[in-house]
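Participant: Residue numbers (the working numbering): 5 to 174. Heads up, the beta-carbon is just placed ideally off N, CA and C, and yes, glycines get one too. I have a structure I would like to understand better, so I am pasting it below and will then ask my questions one at a time.
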Amino acid sequence: MNEATDARLHAEHLRDYRPEFMQMAAKISYDNIDRGGGPFGAVIVKDGEVIATGANSVTIDQDPTAHAEVNAIRNACHKLGSFKLEGCTVYSSCEPCPMCLSALYWAGVRKIFYGNTKEDADAIDFSDKFIYDEIERRPEERNVPGVHVDNSETIKAFEKWASSPDVTKY
Ligand SMILES: [Zn+2]
C-alpha cells in the first residue's frame, strides 16, 4: 500500500471517530493506576452510545486475561445477552495485544480505535510487541514452544461437532 492510499484509508476510517469516547478510555486508563490496575482502558460503543467499559484488572483479580478490552467485552456481552458484539466500535487507550485483538475478532466488532501503540507499551515494559513478534515465528521456535502431537484422540470432538446438527455455531 502506498502512502497516498494509506492516508486516504486513514481519513476514511476516521470519519466516525468520536474523540469523547477515546477521552473516556484515556480517563479510565489513567484513573485505573490509582486502583492498582494497569494503565489501560476500553470503551465499547454501539449506535453512538456507550454499551460498556473495561479497565485492566490483571493484578487486582490475579487474572492474566483481565485486560481492559477483555473486561469490556465481558461487560458488553453480559449487558446485551449475546456472545457477539456486531456493529460495536471499540475505543481502547492502547493498541490491543494479540489476545485482545483475537477476542475482539471473536466478538465480531466492526472497528477498533486505539491511542497508544504497541511500541509505546513496549517502552514501558509491556509484552504486547514481543508477543506480536512471537506469532511471526514457527511454533516450535517460540519462547513458549508449541508442539504438534498425535491427534487421534483430540480429533474425535471435531468429528462429533461437525456431524451434530444442533450445535450453536460461532
Ligand atoms: Zn490485551
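Answer yes or no: do Asn60 and Asn36 have a C-beta to C-beta separation smaller than 8 Å?
Facilitator: Yes, they are a contact pair.
Participant: When you measure from the CB of Pro100 to every non-hydrogen atom of ligand 1, does any distance come out below 7 Å?
Facilitator: Yes, Cβ of Pro100 sits closer than 7 Å to a heavy atom of ligand 1.
Participant: Does the separation of the CB atoms of Cys92 and Val54 fall below 8 Å?
Facilitator: Not a contact, by the Cβ cut-off of 8 Å.
Participant: Taking three-plus beta-carbon pairs below 8 Å as touching, is the region 72-90 in contact with the region 128-136?
Facilitator: With a cut-off of 8 Å, the region 128-136 and the region 72-90 do not count as touching, because too few Cβ pairs lie within range.
Participant: Taking 7 Å as the line, does the beta carbon of Glu73 fall inside it for any heavy atom of ligand 1?
Facilitator: Glu73: yes, Cβ under 7 Å from ligand 1.
Participant: Leaving out five residues on either side along the sequence, give the residues of the same chain with a beta carbon under 8 Å from the beta carbon of Val3.
Facilitator: Nothing about residue 3 can be read from this structure; the chain reaches only from 5 to 174.
Participant: Tell me which residues share the same chain as Lys133 and place their Cβ nearer than 8 Å to its Cβ, disregarding the 5 neighbours each side in the sequence.
Facilitator: Once the five neighbours on either side are set aside, the close Cβ partners of Lys133 are Lys122, Glu123, Ala125 and Asp126.
Participant: Whole-angstrom Cβ separation of Cys81 and Phe44, contact assumed at under 8 Å?
Facilitator: About 19 Å separates the two Cβ atoms, so there is no contact after all.
Participant: Mind checking Ala11: buried by the 16 CB within 10 Å criterion, or exposed?
Facilitator: Answer is exposed; the Cβ neighbour count stays below 16.
Participant: Helix, strand or coil, according to DSSP, for Val94 in the structure here?
Facilitator: Looking at Val94 - three-state DSSP - the assignment turns out to be strand.
Participant: Just to confirm before moving on: does the CB-CB distance between Gly119 and Met26 stay below 8 Å?
Facilitator: For Gly119 and Met26, yes; Cβs fall inside 8 Å.
Participant: Hey, would you say the C-beta of Met28 is under 7 Å away from at least one heavy atom of ligand 1?
Facilitator: Answer for Met28: no, Cβ out of range of ligand 1.
Participant: In its own chain, which residues sit with a C-beta less than 8 Å from the C-beta of His14, not counting the 5 before and 5 after it?
Facilitator: No residues qualify anywhere along the chain.
Participant: On the three-state DSSP scale, how would you describe Lys31?
Facilitator: Looking at Lys31 - three-state DSSP - the assignment turns out to be helix.
Participant: Measure the alpha-carbon distance for Arg142 versus Val151 and round it to whole angstroms.
Facilitator: Computed Cα separation, rounded: 10 Å.
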